[in-house]
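Participant: Handing you this structure, nothing more for now.
Chains as they are written, first to last, in this note's numbering: chain A, 967 to 1221; chain B, 6 to 317.
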């Protein structure tokens, strides 16, 4: 494997064109705002129920802070990740550098995974920043740290799935905008497809529930680690990676 | 060094190239010549493993494009036609990236290679500038620089002088000429004098098929019909025309416009391979006309080319 050159080049491009800064900034402004809102609401409610004789069971930091925070981080990722993936192959195709890249002594998987990992790395930095204020909370609030690690693990899997979808779409079109819109559409569809599970009847309900990206994500911020979710995300990532590599090969045959 | 065997490539249902076979010896400069859309770029893209042929195969430096594409790409430096480069990188950064893709990791080695090509291609003043800000001529040089980086034995240059100004064209041509000897070069062009100047052999293709492979001299000799002689003679034109036409070996005499009173230009076409300049000059002087000028028109590559592609 020689994916380092492409990985490095893509990272550099992300930071030269300000897209990485912009996306990381926007994501963190939104997440920071949500965190503030959740935290303020949580302390307000805690105060109100402080003198209440019966314990209020859902009034835990895991339930009131971490779960909604990670839910919102996932939704925000859904919005911003197409902006990170849209460039990866579309731009190279549009300006023709793809011809240069594919005539260098690199294997297709080297190029693909180099791009994938560089995007994943930006995503990783992006979601890492909120961890600072989550961990600072520890000073005042007791919570289960494993829940946070588990949620992060789930969010990384979710992001990697969106990235693999995004790169696949990017390999199909020369237009970045088209690439971003389609990626967003497909990701959103995968997100909401579980909603019809209650309408279609018990026979198909399981199916729609199972292919929904969101149903599989829900468990992680609850602190549940289910191997089915892990397998689901890995399948999505590998499936779209496989499709992208096929597209790259077919380009050589079709011209 | 470069060996193409029966390459055929379709784009959808349109045939781009058909049954293309040729061989390039080590150290040779060979020109791939053809009108636009003849299939030059397709052939080069196949040789660099960017495209896969529908049938046939090719070998570069002994490696097969199907069995060992990485080795093929390692031994080839390629300059694509439109010189696509990463505009947001500086020349140094870009060459550094190109070095890494070619498997060079060690810092000193990279530095050595980059400074060598920067010097060789005259990029010293612009090495820290963004590629997007460079002029067309410098871009081209960066393109050639990245092809030369690891000193590959084979260079494939797709229209290396397109879009340059005349001075740069001459520079690039001389540059390519200087690269010869050490390296095997295949370059494409639709500019005929260029190929004539730089290349030892030419491969002429038209509509995806090879029309001819030979040296320029051999092609000229093969296709030459008769000798074309230009004359400028002072005297009465009809008489002169008659006199020349009577010389044995003359096929055709023509008075070239603009037709004037006394001094006129004539074009004489002789029968195949006959040099009758001596007879003509003798006859003209013997008849009392003034011979002002006599010149033989050499067959240019343009003529050969047009003859070849309009033959069928």
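From the three backbone atoms N, C-alpha and C, an ideal C-beta is built for every residue, glycine too.
Would residue 189 of chain B and residue 30 of chain B be called neighbours here (beta carbons separated by less than 9 Å)?
Facilitator: Their beta carbons are under 9 Å apart, which means residue 189 of chain B touches residue 30 of chain B by this criterion.
Participant: Contact defined as beta carbons within less than 8 Å: I believe residue 34 of chain B pairs with residue 301 of chain B. What is the distance between those atoms, to the nearest angstrom?
Facilitator: About 28 Å; that fails the 8 Å criterion.
Participant: Is residue 251 of chain B helix, strand or coil when you go by DSSP?
Facilitator: Reduced to three states, the DSSP call for residue 251 of chain B is helix.
Participant: Within this structure, are the beta carbons of residue 1149 of chain A and residue 1052 of chain A separated by less than 9 Å?
Facilitator: Contact: yes.
Participant: Which value, in whole angstroms, describes the spacing of the CA atoms of residue 94 of chain B and residue 970 of chain A?
Facilitator: Residue 94 of chain B and residue 970 of chain A: Cα-Cα distance of roughly 17 Å.
Participant: Give me the subset of the segment 27 to 57 of chain B whose CB atoms are less than 7 Å from a CB atom of chain A, sorted by chain position.
Facilitator: Of all residues in the segment 27 to 57 of chain B, 53, 54, 55, 56 and 57 have a Cβ within less than 7 Å of some Cβ in chain A.
Participant: Am I right that residue 1047 of chain A and residue 1089 of chain A are in contact with their C-beta atoms under 8 Å? What's the rounded C-beta distance?
Facilitator: Rounded, the Cβ-Cβ distance is 7 Å, consistent with contact.
Participant: Which residues in the same chain have their Cβ closer than 6 Å to the Cβ of residue 1204 of chain A, if we skip the five residues on either side of it in sequence?
Facilitator: Answer for residue 1204 of chain A: no residue qualifies.
Participant: Mind listing which residues of the segment 968 to 994 of chain A have their C-beta closer than 9 Å to chain B's C-betas, in chain order?
Facilitator: Those would be 968, 970, 971, 972, 974, 975, 978, 979, 982 and 983, in chain order.
Participant: Please list the terminal residues of the continuous alpha helix (DSSP H) segment that includes residue 1000 of chain A.
Facilitator: Counting along the chain, the alpha helix (DSSP H) containing residue 1000 of chain A begins and ends at 985 to 1015.
Participant: What does the Cβ neighbour count give for residue 309 of chain B, buried or exposed, with the cut at 16 atoms within 10 Å?
Facilitator: The residue is buried, with at least 16 neighbouring Cβ atoms inside 10 Å.
Participant: Taking the runs of the alpha helix (DSSP H) that are 4 residues or longer, which of them lie wholly in the segment 186 to 257 of chain B?
Facilitator: Counting only runs of 4 or more, we get 197 to 203, 221 to 228 and 242 to 251.
Participant: May I ask you to report which of helix, strand or coil DSSP gives residue 1127 of chain A?
Facilitator: DSSP places residue 1127 of chain A in helix when its eight states are reduced to three.
Participant: For residue 1074 of chain A, write down the residues that DSSP places opposite it in a beta bridge.
Facilitator: Answer by DSSP bridge pairing: none, since residue 1074 of chain A is not bridged.
Participant: Looking only at C-alpha atoms, which of A:976, A:1028, A:1014 and A:1190 sits nearest to residue 1001 of chain A?
Facilitator: Closest option to residue 1001 of chain A, Cα to Cα, is A:1028.
Participant: When you compare each of A:1153, A:1174 and A:1169 to residue 1162 of chain A by their alpha carbons, which one comes out closest?
Facilitator: With distances taken between Cα atoms, residue 1162 of chain A lies closest to A:1174.
Participant: Grab the span of the alpha helix (DSSP H) containing residue 1040 of chain A for me, first residue to last.
Facilitator: Element bounds for residue 1040 of chain A: 1033 to 1051.
Participant: Mind listing the chain B neighbours of residue 1070 of chain A? Cutoff is C-beta to C-beta under 8 Å, in chain order.
Facilitator: The contacting residues are 78, 103, 106 and 107.
Participant: Which residues share a DSSP beta bridge with residue 36 of chain B?
Facilitator: In DSSP, residue 36 of chain B forms a bridge with B:192 and B:207.
Participant: Touching or not, the segment 155 to 172 of chain B and the segment 69 to 85 of chain B, by the rule of three or more beta carbon pairs under 8 Å?
Facilitator: Short answer: they touch.
Participant: Within its chain, find whatever has a CB closer than 7 Å to the CB of residue 88 of chain B; leave out the 5 residues flanking it on each side and keep chain order.
Facilitator: Hits under 7 Å: 144, 145 and 148.
Participant: Run through DSSP, which three-state label would residue 280 of chain B get?
Facilitator: Three-state DSSP puts residue 280 of chain B in coil, outside helix and strand.
Participant: Between residue 162 of chain B and chain A, is there a C-beta pair that is closer than 9 Å?
Facilitator: Output row for residue 162 of chain B: interface = no.
Participant: Rounding to the nearest angstrom, what Cα-Cα distance links residue 1131 of chain A and residue 199 of chain B in this structure?
Facilitator: Near 48 Å, if we compare the C-alpha coordinates of residue 199 of chain B and residue 1131 of chain A.
Participant: Quick check: residue 8 of chain B and residue 64 of chain B, are their CB atoms within less than 9 Å of each other?
Facilitator: Going by C-beta atoms, residue 8 of chain B is nearer than 9 Å to residue 64 of chain B.
Participant: Taking 9 Å as the CB-CB limit, is residue 1064 of chain A close to chain B?
Facilitator: Yes, its Cβ sits closer than 9 Å to a Cβ of chain B.
Participant: Can you confirm whether residue 1222 of chain A, when its beta carbon is compared against all beta carbons of chain B, has any partner nearer than 9 Å?
Facilitator: In this structure chain A extends from 967 to 1221, so residue 1222 of chain A is not present and cannot be described.
Participant: Do residue 1074 of chain A and residue 1211 of chain A have their beta-carbon atoms positioned less than 9 Å apart in this structure?
Facilitator: Yes, the pair counts as a contact, with Cβ atoms nearer than the cut-off.
Participant: Does any C-beta atom of chain B lie closer than 9 Å to the C-beta of residue 1138 of chain A?
Facilitator: Cβ-Cβ to chain B under 9 Å: no for residue 1138 of chain A.
Participant: Cβ closer than 7 Å: which chain A residues qualify as neighbours of residue 87 of chain B?
Facilitator: Ordered by position in chain A, the residues that pass the 7 Å Cβ test against residue 87 of chain B are 1062.
Participant: When you compare only the Cα positions, how much space is there between residue 193 of chain B and residue 45 of chain B?
Facilitator: If you take the alpha carbons of residue 193 of chain B and residue 45 of chain B, they lie about 6 Å apart.
Participant: Could you tell me which residues DSSP pairs with residue 160 of chain B in its beta bridges?
Facilitator: Its beta-bridge partners are B:82 and B:190.
Participant: Figure out for me which residue from B:276, B:195 and B:53 has the closest Cα to the Cα of residue 1067 of chain A.
Facilitator: Nearest of B:276, B:195 and B:53 to residue 1067 of chain A, Cα basis: B:53.
Participant: Counting only beta-carbon separations shorter than 9 Å, does residue 1073 of chain A have a partner in chain B?
Facilitator: Residue 1073 of chain A counts as touching chain B.
Participant: List the DSSP bridge partners of residue 299 of chain B.
Facilitator: Beta-bridge pairing links residue 299 of chain B to B:236.
Participant: For the beta strand (DSSP E) holding residue 20 of chain B, just list the boundary residues, first then last.
Facilitator: That run of the beta strand (DSSP E) goes 19 to 29.
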